[in-house]
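*Asks:* So the sequence lines, in the order shown, correspond to chains A and B. Here this note's numbering is used: the first residue of the first sequence is 1, the next is one more, and so on. Here this note's numbering is used: the first residue of the second sequence is 135, the next is one more, and so on. Where is the CB? At the ideal position from N, CA and C, for every residue including glycine.
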Amino acid sequence: MSKRNLPARAAMLVLSAAVVAGPAVAADPPGKAMYMGSCSACHRPDGTGVKGAFPALAGDPFVVGPKSQVVGRVLNGRGGMPAFKADLTDAQVAAILTYVRSSWGNKAEPVNPADVAAARNGGAPAQTRSLQAH
Amino acid sequence: MENQVATGAGVLTRRRFFEQLAALGGMSLAVAGLEALGFGFGSARAAPPALSGGAKGKKVVILGAGLAGMTAAYELDKAGYQVQVVEARSFAGGRCQTARKGFKYTDLAGYDQVCEFDEGHYINHGPWRIPYHHLSTLHYTKLFGVPLESFVNDNDAAYVYFEKGSGPLAGKPIRKGEIAADARGYTAELLAKCASKGGLDAPLSAEDRALFLEYVIHEGRLNPKDLSYKGTDGRGFAVHPGAGLDPGPGKPSIPYAFKDVLDSRAWYVLSSVTEYEQQRTMLQPVGGMDQIAKGFERHVGRLIRYSTRVEKISQGPNGVSVAVRDGAGQPSVITADYCICTLPLSVLRSVQMDASSGFKDAMADVSYAPVNKIGLQMKRRFWEEDHAIYGGHVYTDMPGINSISLPSYGWQGQKGVVLGYYAFGSEAARISAMPPKERAAFALAAGQKIFPQYRESFENAFSFCWHLDQNNLGGWAEWSPEGRANAYPVLVKGDDRIYLAGEHMSYLGGWQAGAIESAWQQVERLHARVQQQA
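Next comes the structure, spelled out in structure tokens:
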């Protein structure tokens with residue numbers, strides 16, 4: 001696949017996901033599928049986390065607190081949580097966090113891509129990955 | 135760099151030229167090679183500390199029977215201490231474990247797996263290779279008579295498969311040796327031509343320049359007459375040489391175009407020398423990495439309480455007491471004079487502990503890496519039979535895969551277990567959200583792009599996600615520079631009667647040598663303290 005084709009393909013994927021996800025599963029908010037993919041292994045599909053290991057997102061004051069802090073946590077990681085800044089776009093982080101902040105009883109204002117972009121500007125650049133570790 | 139280059143367009147051009155070469159690993163061939171001359175290899179410590187002078191009747195409780203815990207137990211027991219080891223799992227070894235037929239595993243997401251590999255086949259889903267200079271690990275393999283064999287950590291015949299480059303080589307499996315020959319050959323050609331015209335601003339005397347040219351010609355396998363790179367036999371043949379007149383001398387292979395090599399970004403796998411811990415010469419225990427754990431266990435197994443979880447660590451002026459709960463749910467308390475705690479900090483930070491707030495805060499400062507591996511049993515060793523790849527790694531930029539590794543055991547046997555992915559960080563988190571069957575399907579889809587025989591040869595899979603293991607919550611500790619500067623020294627010092635040991639308490643993070651050398655350091659400190667007492 002050529003480099004030139006990549007953004008076009010990515011855009012097509014996003015587009016088709018939106019087209020399919022929209023009418024077919026009308027009940028699912030846009031961030032849900034991405035949450036299931038990137039977050040649910042540890043925080044669990046219902047946001048309850050794993051006691052003593054991964055914090056619950058449902059009913060967590062940090063999650064529904066100031067946007068900049070929550071966005072920073074997703075971008076830069078902490079503790080057992082990896083940094084997602086190299087893997088998720090501003091729009092994806094915003095959609096996931098909007099979903100998390102409005103699900104399982106959480107009620108907090110949505111996160112916009114602009115919020116993520118603002119948090120990114122202050123952050124350290126992504127590290128280049130090694131081929132192997134250990 | 136750019137703003138320093140104001141002295142003329144010529145300098146700027148040369149500088150850019152060097153920057154481009156540096157990106158290719160070209161100049162680093164020379165520079166890093168020289169630096170390496172002064173570089174001392176081998177573990178900082180090759181043998182355990184001599185613990186002389188007696189144990190003075192002291193008792194030590196060790197938390198965790200991984201390599202750090204068992205190293206501490208072995209050395210302290212030998213020195214005369216009363217030792218008790220507490221281990222949450224039903225087996226010893228910690229991360230030093232191997233999945234083979236019948237190996238059962240349930241992760242935090244509730245996924246149950248039983249390994250179904252054939253007898254004799256295995257995957258080291260934890261540590262899997264030992265650099266030749268990890269003398270501490272090799273100390274114990276020798277001491278315990280653990281047989282070793284070569285682990286192929288670098289293989290010019292293995293493919294590089296990069297999808298995110300551009301040009302005709304992107305998204306195509308290319309032999310690593312071809313990329314290496316061409317990238318370095320063309321780079322050497324540029325350098326040689328530049329140097330021969332006096333075009334380098336490096337202060338080379340006429341004599342040095344002649345030697346430099348000689349070196350670059352040798353390095354890039356150039357034609358000495360016109361300093362051109364036209365390919366070389368080491369990158370392979372279009373028709374391999376053989377007997378008689380046909381094939382006779384064979385037909386040389388044609389190098390890729392320099393632009394195509396650059397565009398492919400496959401040169402990302404090349405560097406002058408390997409990283410310190412990714413040596414080309416590596417070793418593995420015959421039959422699985424857990425043979426090292428079993429070697430320790432033969433000597434200290436009698437000291438271990440298995441299937442016993444730590445609930446609380448208390449300490450006072452007269453000793454420590456550790457509240458534990460065994461597999462049957464029975465609570466008990468173990469008392470001792472000192473505690474060596476080898477639990478990963480990811481797990482330890484949710485255990486109740488009598489320690490200063492500064493110590494506890496320091497534990498929060500380290501992160502643990504999500505790490506995934508998957509073993510795929512193949513009914514035929516197609517990588518050997520059809521591709522002539524004997525061990526080593528296929529590097530790829532496919533997210534969630536990272537590398538596909540071919541086994542360094544069972545050469546030319548019928549079946550083999552391939553490492554289908556070895557991924558870290560957010561990519562690992564994503565794949566681990568899938569049930570085991572989907573993880574295998576994901577790995578197969580990726581491998582199929584490189585090996586046409588991949589899917590049809592597949593029999594069964596065993597996948598492991600270290601961040602979803604309740605006894606580890608991550609593959610290894612990852613220290614930020616701030617964490618190393620502030621939290622790490624606090625934790626290395628310990629908190630009164632509690633000493634911490636493990637890979638996380640070393641600069642050999644994630645390696646068995648780090649666990650062992652950290653244990654050596656902490657038992658030495660503990661012993662020195664005991665010796666100071668009347």
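Note down, in chain order, all residues in the stretch 58-82 of chain A with a beta-carbon under 9 Å from any beta-carbon belonging to chain B.
*Replies:* Flagged, chain order: Gly-77, Arg-78, Gly-79, Gly-80, Met-81 and Pro-82.
*Asks:* Over what stretch of residues does the beta strand (DSSP E) that includes Leu-417 of chain B continue unbroken?
*Replies:* As a working mapping, residue 417 of chain B is identified with position 283 in the second sequence. First-last of the beta strand (DSSP E) with Leu-417 of chain B: 415-419.
*Asks:* Does the distance from the CB of Ala-470 of chain B to the CB of Gln-655 of chain B come in under 8 Å?
*Replies:* The residue labelled residue 470 of chain B in the question sits at position 336 within the second sequence. The residue labelled residue 655 of chain B in the question sits at position 521 within the second sequence. No, they are not a contact pair.
*Asks:* Mind pulling the alpha helix (DSSP H) runs of 4 or more residues that sit fully within the stretch 303-370 of chain B?
*Replies:* Correct list: 310-330 and 340-354.
*Asks:* Do three or more CB pairs link the stretch 395-409 of chain B to the stretch 297-315 of chain B at distances below 8 Å?
*Replies:* A contact exists between the stretch 395-409 of chain B and the stretch 297-315 of chain B.
*Asks:* For Phe-237 of chain B and Val-248 of chain B, what's the separation of their Cα atoms in angstroms?
*Replies:* By 1-based counting over the second sequence, the position of residue 237 of chain B is 103. By 1-based counting over the second sequence, the position of residue 248 of chain B is 114. Roughly 6 Å separates the two Cα atoms.
*Asks:* Name the residue from B:Val-505, B:Pro-451 and B:Ala-189 whose alpha carbon lies nearest to the alpha carbon of Asn-536 of chain B.
*Replies:* As a working note, residue 536 of chain B is residue 402 in the second sequence. Looking at the Cα atoms, B:Val-505 is the closest of the given residues.
*Asks:* From this set, A:Val-116, A:Gly-37 and A:Gly-49, which residue's C-alpha is nearest Trp-104 of chain A's C-alpha?
*Replies:* Your numbering for residue 104 of chain A matches position 104 in the first sequence. The shortest C-alpha separation from Trp-104 of chain A is found at A:Gly-49.
*Asks:* Using alpha carbons as the reference points, say which of B:Tyr-410, B:Glu-651 and B:Asn-620 lies closest to Ala-496 of chain B.
*Replies:* Within the second sequence, residue 496 of chain B is the residue found at index 362, counting from 1. It is B:Asn-620 whose Cα lies nearest to the Cα of Ala-496 of chain B.
*Asks:* List the residues that DSSP assigns as beta-bridge partners of Ile-565 of chain B.
*Replies:* The residue given as residue 565 of chain B occupies position 431 in the second sequence. The partner list for Ile-565 of chain B (beta bridge, DSSP) is empty, contrary to what the question assumes.
*Asks:* Which stretch, first to last residue, makes up the alpha helix (DSSP H) that contains Thr-271 of chain B?
*Replies:* For the purposes of this step, residue 271 of chain B is taken as the residue at position 137 of the second sequence. Here the alpha helix (DSSP H) through Thr-271 of chain B covers 269-277.
*Asks:* With 8 Å set as the bound, which would you pick, yes or no: does the beta-carbon of Pro-7 of chain A sit closer than that to a beta-carbon of chain B?
*Replies:* Translated into the one-based positions of the first sequence, residue 7 of chain A becomes position 7. For Pro-7 of chain A, the pLDDT reaches just 41, beneath the cut-off of 50, and the residue's location in the model is therefore unreliable, although a value from the coordinates is still provided. Judged by the 8 Å Cβ criterion, Pro-7 of chain A is not in contact with chain B.
*Asks:* Start and end of the beta strand (DSSP E) containing Leu-396 of chain B?
*Replies:* Position 262 of the second sequence, counted from the first residue, corresponds to residue 396 of chain B. Element bounds for Leu-396 of chain B: not the beta strand (DSSP E) but the alpha helix (DSSP H), 392-398.
*Asks:* Buried or exposed for Lys-190 of chain B, please, with buried defined as at least 16 other CB atoms from any protein chain shown within 10 angstroms of its CB.
*Replies:* On the second sequence, position 56 is the one that residue 190 of chain B refers to. Flag for Lys-190 of chain B reads exposed.
*Asks:* For Gly-31 of chain A, which residues in chain B fall below 7 Å Cβ to Cβ?
*Replies:* Here residue 31 of chain A refers to the residue found at position 31 of the first sequence. Here the premise fails: no neighbours, minimum Cβ distance about 15 Å.
*Asks:* Glu-593 of chain B lies in the beta strand (DSSP E); which residues open and close that run?
*Replies:* Along the second sequence, read from residue 1 onward, the residue named residue 593 of chain B stands at position 459. First-last of the beta strand (DSSP E) with Glu-593 of chain B: 592-599.
*Asks:* By how many angstroms is the C-alpha of Ala-133 of chain A removed from the C-alpha of Pro-23 of chain A?
*Replies:* Start at 1 with the first residue of the first sequence, and residue 23 of chain A comes out as number 23. Start at 1 with the first residue of the first sequence, and residue 133 of chain A comes out as number 133. Confidence in Pro-23 of chain A is poor, its pLDDT being 47 and thus under 50, which makes the residue's placement unreliable; the coordinate value appears in the next sentence. Those two C-alpha atoms are separated by around 43 Å.
*Asks:* Grab me the residues of Pro-383 of chain B's own chain with a C-beta within less than 8 Å of its C-beta, minus the 5 sequence neighbours each way, in chain order.
*Replies:* Translated into positions along the second sequence, residue 383 of chain B becomes position 249. The residues are Pro-375.
*Asks:* State the Cα-Cα distance for the pair Trp-545 of chain B and Glu-518 of chain B, rounded to the nearest angstrom.
*Replies:* Position 411 of the second sequence holds residue 545 of chain B. Position 384 of the second sequence holds residue 518 of chain B. Answer to the nearest angstrom: the Cα atoms are 8 Å apart.
*Asks:* Cβ atoms of Pro-570 of chain B and Ala-611 of chain B: under 8 Å apart, would you say?
*Replies:* To locate residue 611 of chain B, count along the second sequence from 1; it is residue 477. To locate residue 570 of chain B, count along the second sequence from 1; it is residue 436. It is not a contact, given that the beta carbons lie outside the stated cut-off.
*Asks:* Quick one: which residues of the stretch 542-575 of chain B get their C-beta closer than 9 Å to a C-beta of chain A? List them in chain order.
*Replies:* So the list reads Tyr-556, Phe-558, Gly-559, Ser-560, Glu-561, Ala-562, Ala-563, Arg-564, Ile-565, Ser-566, Ala-567 and Met-568, given in the order they occur along the chain.
*Asks:* Could you check the C-alpha separation between Asn-76 of chain A and Lys-507 of chain B for me, to the nearest Å?
*Replies:* Within the first sequence, residue 76 of chain A is the residue found at index 76, counting from 1. Within the second sequence, residue 507 of chain B is the residue found at index 373, counting from 1. The straight-line gap from Cα to Cα measures roughly 24 Å.
*Asks:* Give a yes or no on whether 8 Å exceeds the smallest Cβ distance from Lys-507 of chain B to chain A.
*Replies:* Reading the second sequence from its first residue, position 373 is the one you call residue 507 of chain B. Not closer than 8 Å to any Cβ of chain A, the Cβ of Lys-507 of chain B fails to qualify, so no.
*Asks:* In angstroms, rounded to a whole number, what distance separates the CA positions of Asn-598 of chain B and Arg-44 of chain A?
*Replies:* Here residue 598 of chain B refers to the residue found at position 464 when the second sequence is read from its first residue. Here residue 44 of chain A refers to the residue found at position 44 when the first sequence is read from its first residue. The sequence shown places Phe at residue 598 of chain B, rather than the Asn named in the question. One C-alpha to the other measures close to 17 Å.
*Asks:* Grouping DSSP H, G and I as helix and E and B as strand, with all else coil, what is Gly-167 of chain B?
*Replies:* Working through the second sequence from its first residue, we reach residue 167 of chain B at position 33. Bear in mind that the predicted position of Gly-167 of chain B carries a pLDDT of just 37, short of 50, making it unreliable; the figure below should be weighed with that in mind. Note: Gly-167 of chain B maps to helix in three-state DSSP.
*Asks:* Phe-62 of chain A and Val-70 of chain A look like a contact to me (Cβ under 8 Å); what is the Cβ gap, rounded to whole Å?
*Replies:* Here residue 62 of chain A corresponds to residue number 62 of the first sequence, with the count starting at 1. Here residue 70 of chain A corresponds to residue number 70 of the first sequence, with the count starting at 1. Yes, Phe-62 of chain A and Val-70 of chain A are in contact; Cβ-Cβ is about 7 Å, under 8 Å.
*Asks:* Taking Cβ-Cβ distances shorter than 7 Å, what residues in chain B pair up with Val-116 of chain A?
*Replies:* Along the first sequence, one-based indexing puts residue 116 of chain A at 116. By Cβ distance, chain B contributes nothing, its closest Cβ being about 15 Å from Val-116 of chain A, past 7 Å.
*Asks:* In the stretch 43-55 of chain A, which residues sit with their C-beta less than 9 Å from some C-beta in chain B, listed in chain order?
*Replies:* Answer set for the stretch 43-55 of chain A: Arg-44, Pro-45, Val-50, Lys-51, Gly-52, Ala-53 and Phe-54.
*Asks:* Taking buried to mean at least 16 other C-beta atoms within 10 Å of its own C-beta, is Thr-442 of chain B buried or exposed?
*Replies:* As a first step, residue 442 of chain B must be located in the second sequence, where it is residue number 308. So Thr-442 of chain B ends up on the buried side.
*Asks:* Would Ala-243 of chain B pass as an interface residue toward chain A - the criterion being a Cβ-Cβ separation below 8 Å?
*Replies:* As a first step, residue 243 of chain B is located in the second sequence; it is residue number 109 there, counting from the start. Yes - at least one Cβ of chain A is within 8 Å of the one on Ala-243 of chain B.
*Asks:* Quick check on Tyr-529 of chain B - is its C-beta less than 8 Å from some C-beta in chain A?
*Replies:* On the second sequence, position 395 is the one that residue 529 of chain B refers to. For Tyr-529 of chain B, the answer is yes, since a Cβ of chain A falls inside 8 Å of its Cβ.
*Asks:* Taking a Cβ distance cut-off of 8 Å, strictly less, list which residues of the stretch 99-112 of chain A are near chain B, in chain order.
*Replies:* Within the stretch 99-112 of chain A, no residue has a Cβ that lies closer than 8 Å to any Cβ of chain B.
*Asks:* For the alpha helix (DSSP H) that contains Thr-205 of chain B, what are its first and last residues?
*Replies:* Along the second sequence, one-based indexing puts residue 205 of chain B at 71. 201-212 is the extent of the alpha helix (DSSP H) around Thr-205 of chain B.
*Asks:* Let me know if Glu-209 of chain B comes out buried or exposed under the rule of 16 or more other beta-carbons within 10 Å of its beta-carbon.
*Replies:* Residue numbering aside, residue 209 of chain B sits at position 75 when the second sequence is read from its first letter. Buried, since its Cβ has 16 or more Cβ neighbours within 10 Å.
*Asks:* Determine the direct distance from the alpha carbon of Arg-436 of chain B to that of Lys-276 of chain B, and round the result to whole angstroms.
*Replies:* Numbered from its first residue, the second sequence carries residue 276 of chain B at position 142. Numbered from its first residue, the second sequence carries residue 436 of chain B at position 302. Using only the alpha carbons, I get a separation of about 21 Å.
*Asks:* Tell me the rounded alpha-carbon separation between Lys-107 of chain A and Val-64 of chain A.
*Replies:* The residue labelled residue 107 of chain A in the question sits at position 107 within the first sequence. The residue labelled residue 64 of chain A in the question sits at position 64 within the first sequence. So the alpha carbons of these two residues sit roughly 7 Å apart.
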